[in-house]
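Visitor: Residue numbers (the numbering used here), protein chains in the order written: chain A, 77 to 724; chain B, 1293 to 1865; chain C, 69 to 221.
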Ligand SMILES: Cc1cc2nc3c(=O)[nH]c(=O)nc-3n(C[C@H](O)[C@H](O)[C@H](O)COP(=O)(O)O)c2cc1C
Ligand code: SF4
Ligand code: SF4
Ligand code: SF4
Ligand code: SF4
Ligand code: SF4
Ligand code: SF4
Ligand code: SF4
Ligand code: SF4
Ligand code: FES
Ligand code: FES
Ligand code: FES
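(1) According to DSSP, what are the bridge partners of residue 234 of chain A?
(2) Tell me the DSSP secondary structure of residue 1296 of chain B in three-state form.
(3) What did DSSP end up calling residue 1339 of chain B once you bin it into helix, strand or coil?
(4) Alpha carbon to alpha carbon, what distance is there between residue 1698 of chain B and residue 1729 of chain B?
(5) Which residues, taken in chain order from the stretch 1416-1428 of chain B, show a beta carbon closer than 9 Å to some beta carbon of chain A?
(6) Enumerate in chain order the residues of its own chain whose CB-to-CB distance from residue 1502 of chain B is below 8 Å, with the five nearest sequence positions on each side excluded.
(7) Whole alpha helix (DSSP H) runs in the stretch 1639-1698 of chain B with 4 or more residues, listed along the chain?
(8) With three or more beta-carbon pairs closer than 8 Å as the criterion, would you say the stretch 524-544 of chain A touches the stretch 571-584 of chain A?
(9) Would you kindly check if the distance between the Cβ of residue 285 of chain A and the Cβ of residue 545 of chain A is under 9 Å?
(10) So which of A:608, A:411, A:522, A:160 has the shortest CA-CA distance to residue 241 of chain A?
(11) Report the residues of the stretch 78-96 of chain C with a CB closer than 8 Å to any CB of chain A, ordered along the chain.
(12) At the 9 Å Cβ level, is residue 513 of chain A part of the contact set with chain C, yes or no?
(13) By DSSP, does residue 1861 of chain B sit in helix, in strand, or in coil?
(14) At least one CB of chain C closer than 9 Å to the CB of residue 1404 of chain B: is that the case?
(15) When the Cα atoms are used, what is the spatial distance from residue 230 of chain A to residue 473 of chain A?
(16) Can you check whether the C-beta of residue 426 of chain A is within less than 9 Å of a C-beta belonging to chain B?
(17) Give me whichever residues DSSP pairs with residue 172 of chain A in a beta bridge.
(18) CB residue 452 of chain A to CB residue 293 of chain A, shorter than 9 Å?
(19) Could you list the residues in the stretch 1452-1486 of chain B with a C-beta less than 8 Å from some C-beta on chain C, going in chain order?
(20) If the cut is a Cβ gap below 7 Å, which residues of chain C does residue 1865 of chain B touch?
(21) Should residue 628 of chain A be listed as close to ligand 1, given that the test is whether its C-beta is under 8 Å from any heavy atom?
(22) Residues near ligand 12, CB to any non-hydrogen atom under 6 Å, in chain order?
(23) Over what stretch of residues does the alpha helix (DSSP H) that includes residue 583 of chain A continue unbroken?
(24) Within 10 angstroms of the Cβ of residue 709 of chain A, are there 16 or more other Cβ atoms? Answer buried if so, exposed if not.
(25) I need the DSSP call for residue 523 of chain A, collapsed to helix, strand or coil.
(26) Select from the stretch 1564-1585 of chain B all residues with a C-beta closer than 7 Å to any C-beta belonging to chain A, and list them in chain order.
(27) Helix, strand or coil, according to DSSP, for residue 552 of chain A in the structure here?
(28) For residue 1436 of chain B, collect the residues of the same chain with a Cβ closer than 6 Å to its Cβ; drop the 5 residues on either side in sequence, then sort them by chain order.
(29) At a Cβ cut of 9 Å, what residues of the stretch 97-110 of chain C count as close to chain B, listed as they run along the chain?
(30) Under three-state DSSP, which class holds residue 1852 of chain B?
(31) Report the residue from A:427, A:432, A:424 whose alpha carbon sits nearest the alpha carbon of residue 411 of chain A.
(32) Got a sec: is the Cβ-Cβ distance from residue 314 of chain A to anything in chain C below 9 Å?
(33) Using the beta-carbon of each residue, which ones in chain B are nearer than 7 Å to residue 169 of chain C?
(34) With a threshold of 9 Å between beta carbons, is residue 122 of chain C in contact with chain B?
(35) Rounded to the nearest angstrom, what separates residue 148 of chain C and residue 356 of chain A at their Cα positions?
(36) Can you tell me whether residue 629 of chain A is helix, strand or coil according to DSSP?
Here it is in structure tokens:
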């Protein structure tokens, strides 16, 4: 197998740390080249071992590939990787023939395999589904095949944290080490004092990637300065915003990067125990982290007296049983202590009194993944990317009605329009971009006219938007703003812990009102409509109070989708209320269906299929829809062979 | 000392205090809903928010510590708007049931709405269609009126030591639940009523039998006997705006007669009978080394607790009836006979400070020949309502005496009102038993100190009797464990479920704040100081009762009459 | 020995921190939680049953009703939502006659709404036990259910 170099690397870790990169002893360099697949003597076929890949069927692909190889007795390895980030093009496979660069195919299905591999083993590249090749100076490139980094999706990205996702085998510690992994950590514990590490991180200007934008270095310093017998480093891998999947990709694509970040952070605050609090649904991430931790122990990277530095560290996993609010740090700590995940009033902050009243630093996965890079390359290097206030890169998970869906890592300060239009290719072909919603369920609705703002904490704050964890939802004319805001408010009302009044009652009231205006009411006169509008305006006041008085971020930010869309898409609300019309045709209950007497032949099909029994009539005579009973499901319109059913 | 500026005035606060504590000490009021001084703060309701200079959001005064030079605004427009909005939000799905609500006129939510000048319904929401839980014999829960402040949850866990309830679910479905969402009656609830006393709204209310009382009162053929406890005597004043702690005994007697009760009794002679009985039980056990210590069982909530949580303690308990149930037994089993009233023609009513007494009265052990010994139990609060219902102007009444034979001639029985008091009364009698003379100073000071655990001892020939009084089951749970593990060598133990004892019982006027408690306790102790009869054994009225009954304390007959049964009860706990 | 007791044996000398892991283990073993589990776990950790129950009802993962042989998860994450997952959900409700978190009378199907299954690229997505179905159209639902019913006559 590929990993049989492991012992060699394990023993040489010290040498790796001490030697300059590129100046290793010849033997070591050879191991490196092999481990990093810079030089291989057998064909390797890579398939995605990540959640989107699996859901799209990569397991089946792997089966087909194995069968192919076995049947034909081909000498090849089948390896697994994380995701390239092109979720809409999964499953992705890539093939590296000895001496040639690696080529990538997208949207592959089982039936494609034999033809694809037949061609490849004859050194011809089928063009269909071909994505591109990976640039690698050590190998011969394929002619007339674009390099991945030239594709629009990748060219404008600045991949640091995602650099190896979809390239390396995430469970192989050797592949990570051979690319310089764990160097930063070993440097840290040998050469830097606790204070120096904290100072470097503070100096780098790294801010919390959960959206908190809090200076990571400052947080660490507070915890470090609080005297205590035991301190804890907690990695927040709850990630339960709908539409956010960057942390998952980081854990599935390169788990050792995160482990290394945690190691350095724990060292910096003086913690000998680190805990990863991860959603229990993230089964693949859990598996990969568990494997990574085990391997790190084997290599002496975790455990007692790590590399004779005197530093001890253990990392354990806690599986969150599912509550969005447990991403909030005090709720997360309560959950670890075996309590209901209700946030606590701050102060005291976790950095002073956290897990079991001990100083505890809670950091986001992406934040921690930045740490090895900053320590390894220095704060100055880090500050060269991004903006002055928000240095570095940020990963965004793009979904919705965009052309590409998936993961995008760009420098902070990148133009939002560039990201949306060039990297992810704008909205789906033939559809018009209506808005982008950024920041998850408490994010904001950003209209096309704001597309020129730079993506960074400060510009977003100035506009009244938030970056949040970095979920981007692309909306086109087929999505209804009111419906989406309703969706988010409903989510928030269910996910609120319910502790404080403004959040518990506020989210509920808002979602109730939105529910009302997207539903048909018996007979709505102009007065009712005005009342509803008045109530809607009242909600703006309510939103201000929620922001001002809610205990935690959930309640404070929950009205964001409403506030921003009332600002930029007010007319859609007005249409729903006054005209009873949903321009995107999403709010089905607002539609009034009717049967055209001229066209109806009285065939009875619609009446038979209507789930609400809302259609009556006598055979061979025109039928009628009882509008009070109709819920607007549209089935009658679908089934009528004579196009007699319409709606307005 | 920390100096902070509040509304442009400088005030002093102690380091480590919360803003709320500092404000209260300086006489500045901000509304609160979820916080209670004796409970841990949670910062949940956000009613107490204030504006602090330099903070971009409002902060909750109840859980935010003071800092030197902090500048606070407690009633700025922004703050008032936030508080008002919070109340409007609560009201937006509230049942609007004030006119029918037990807490009408004494509801914190109602008061907040009034204080914050809520005058129009700006937000309206769906009503929560929760079912009322009327399963318990003491407490009715109406979750629709619950504002989820969590006071009941914390008091049940932290003070009552039971934790029968907790928050269940979350978000818009958040609700106070028992384990497995069972009706309260099937839960581990011990009916102490502490939660009811702490609830700001009508979400928790007395299971009342006020209305049913009309029938016996109106029926000329039925004789209605009523007894009231000494705690009611010292707390009723609070319901009528009379100085807290005023002794209302004489007034109560005339009120009750005016309402139509035929016999008006007071409970403390029952307490003194209990003293006689448990002293005898103690003598029987004392010196034999098994089954010490003796645990008193007068508090029905404590009995529930042992039955549900600590059945291993059952054999330590003397199952003497509670004082009112002793009187209750005598009213129907003896007094009626003496006065030639057929049992189906006498109705027995108890007015009490104790919520658990309602549950107790419904237990089969307190039925004789399928007839309950006590028919109706009213709390102090319901009593006040009954008085108002009958339109009696309590301020203009003359004092009257209680009826024979259950009068309050001595003070030993009255001491039962206060934590440690039952023990004090019992030790006075035990001292006499062992030493042949009275305690030199009947006042047992250590039992009168504050705190949930009070230890005292008396000297007896060849040693001493060690006693401990525990109040608030939060304290009892730990001690009970130690007793079971035989780590403590007490001889006699009093346990009262309610923090501070019966004077703070679940049936008392709301709010039961500490100042009120102090005044009531003082009245009880003063009565003891001024009483000529301070022991049960020295009370001729009690001795006379035994004489008329024709048996002696500790005899077989008294056991039949005055003892009950306690048994293990299985619940989800 | 009883299944719950056996699980508790694996959690010796633990404190309240272990509550969630124990509940997870029990739920994995017997599929849902019941009052016996609540009581035993409470006893084991010296926690009142109300606290164990209160905690369990807070989190999505814990169920007090047995799940169906086929547990259907309908994704209502933001992408699936705008690709009309509510419509799919309504169809499941109609076709199976049960609501979210409920199980059909014959114990075959149960429905759960989840927020993002992690395949937004192929929305809308549902999963049935460990199988994923992506890019679902409402017309496909009947067929999917029929397939399962055919396998379980
Ligand atoms: C309702 C709510 C949900 C949150 N969810 C997450 C989450 O899923 N992941 C995360 O890393 N931080 C989340 N946070 C932020 C955390 O409270 C905390 O600020 C963060 O873990 C700090 O990490 P950072 O400093 O590295 O950004 C959430 C906050 C709130 C208020
Ligand atoms: S803001 Fe919402 S989630 Fe946060 S503590 Fe209050 S109720 Fe809970
Ligand atoms: S299906 Fe069309 S033609 Fe047939 S009855 Fe209905 S409306 Fe008329
Ligand atoms: S739209 Fe649906 S509910 Fe309405 S009439 Fe047609 S089939 Fe029936
Ligand atoms: S609880 Fe208070 S506000 Fe609610 S109905 Fe009763 S008195 Fe009115
Ligand atoms: S207070 Fe107002 S609403 Fe209530 S009874 Fe009087 S008039 Fe009617
Ligand atoms: S009556 Fe006592 S035991 Fe029962 S719920 Fe209330 S506080 Fe808890
Ligand atoms: S029942 Fe009363 S005390 Fe308990 S949470 Fe509800 S309102 Fe608060
Ligand atoms: S302490 Fe007194 S009032 Fe409280 S439950 Fe016991 S007997 Fe009743
Ligand atoms: S819900 Fe509006 S455009 Fe429909
Ligand atoms: S009293 Fe301060 S938050 Fe409730
Ligand atoms: S939103 Fe449905 S899979 Fe992500």
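Yeah, the Cβ is synthetic: ideal placement off N, Cα and C, and Gly gets one too.
Guide: The relevant details are as follows:
(1) Under DSSP, residue 234 of chain A forms no beta bridge with any residue.
(2) The answer is strand: DSSP assigns residue 1296 of chain B an E or B state.
(3) In the structure shown, residue 1339 of chain B sits in coil (DSSP, three-state: anything other than H, G, I, E or B).
(4) Using only the alpha carbons, I get a separation of about 27 Å.
(5) In summary, the residues of the stretch 1416-1428 of chain B whose CB is separated from some CB of chain A by less than 9 Å are 1416, 1417, 1418, in the order they occur in the chain.
(6) Counting only Cβ-Cβ distances below 8 Å, and skipping sequence neighbours, we find 1670, 1674, 1677, 1678, 1681.
(7) Along the length of the stretch 1639-1698 of chain B, whole alpha helix (DSSP H) runs at least 4 residues long occupy 1648-1653, 1672-1681, reported in chain order.
(8) A contact is defined here as three or more CB-CB pairs under 8 Å, and the stretch 524-544 of chain A fails this definition with respect to the stretch 571-584 of chain A.
(9) Closer than 9 Å, so yes.
(10) Checking every option, the nearest Cα to that of residue 241 of chain A belongs to A:160.
(11) From the stretch 78-96 of chain C, only 83, 84, 85, 86, 87, 88, 89, 91, 92 have a Cβ closer than 8 Å to chain A.
(12) With 9 Å as the cut-off, residue 513 of chain A counts as an interface residue toward chain C.
(13) If DSSP states are grouped into helix, strand and coil, residue 1861 of chain B belongs with coil.
(14) Not closer than 9 Å to any Cβ of chain C, the Cβ of residue 1404 of chain B fails to qualify, so no.
(15) So the alpha carbons of these two residues sit roughly 14 Å apart.
(16) Not closer than 9 Å to any Cβ of chain B, the Cβ of residue 426 of chain A fails to qualify, so no.
(17) DSSP lists A:120, A:178 as the bridge partner or partners of residue 172 of chain A.
(18) Against a cut-off of 9 Å, the Cβ pair of residue 293 of chain A and residue 452 of chain A comes out as no contact.
(19) Going along the stretch 1452-1486 of chain B in chain order, one finds 1454, 1455, 1456, 1457, 1458, 1459, 1460, 1461, 1462, 1469, 1470, 1471, 1472, 1473, 1479, 1480 with a Cβ nearer than 8 Å to chain C.
(20) Within 7 Å Cβ-Cβ: 116, 117.
(21) For ligand 1, at least one heavy atom lies less than 8 Å from the Cβ of residue 628 of chain A.
(22) Answer in sequence order: A:318, C:143, C:145, C:146, C:147, C:148, C:184, C:185, C:186, C:187, C:188, C:191, C:193.
(23) Going by DSSP, residue 583 of chain A is part of the alpha helix (DSSP H) stretching over 577-593.
(24) Residue 709 of chain A is buried by the Cβ-count criterion.
(25) In the structure shown, residue 523 of chain A sits in coil (DSSP, three-state: anything other than H, G, I, E or B).
(26) For the stretch 1564-1585 of chain B, which is checked against every Cβ of chain A, not one residue is closer than 7 Å.
(27) Looking at residue 552 of chain A - three-state DSSP - the assignment turns out to be strand.
(28) 1387, 1420, 1422, listed in sequence order.
(29) Considering only beta carbons, the part of the stretch 97-110 of chain C lying closer than 9 Å to chain B consists of 102, 103, 106, 107, 110, in chain order.
(30) Correct three-state label for residue 1852 of chain B: helix.
(31) The shortest C-alpha separation from residue 411 of chain A is found at A:432.
(32) No, residue 314 of chain A lies away from the interface with chain C (no Cβ there is under 9 Å from its Cβ).
(33) Chain B residues near residue 169 of chain C: none, gap ~11 Å exceeds 7 Å.
(34) Contacts with chain B at 9 Å (Cβ-Cβ) include residue 122 of chain C.
(35) Within the model, the alpha-carbon separation for residue 148 of chain C versus residue 356 of chain A is close to 21 Å.
(36) Shown here, residue 629 of chain A sits in a helix according to DSSP, grouped into three states.
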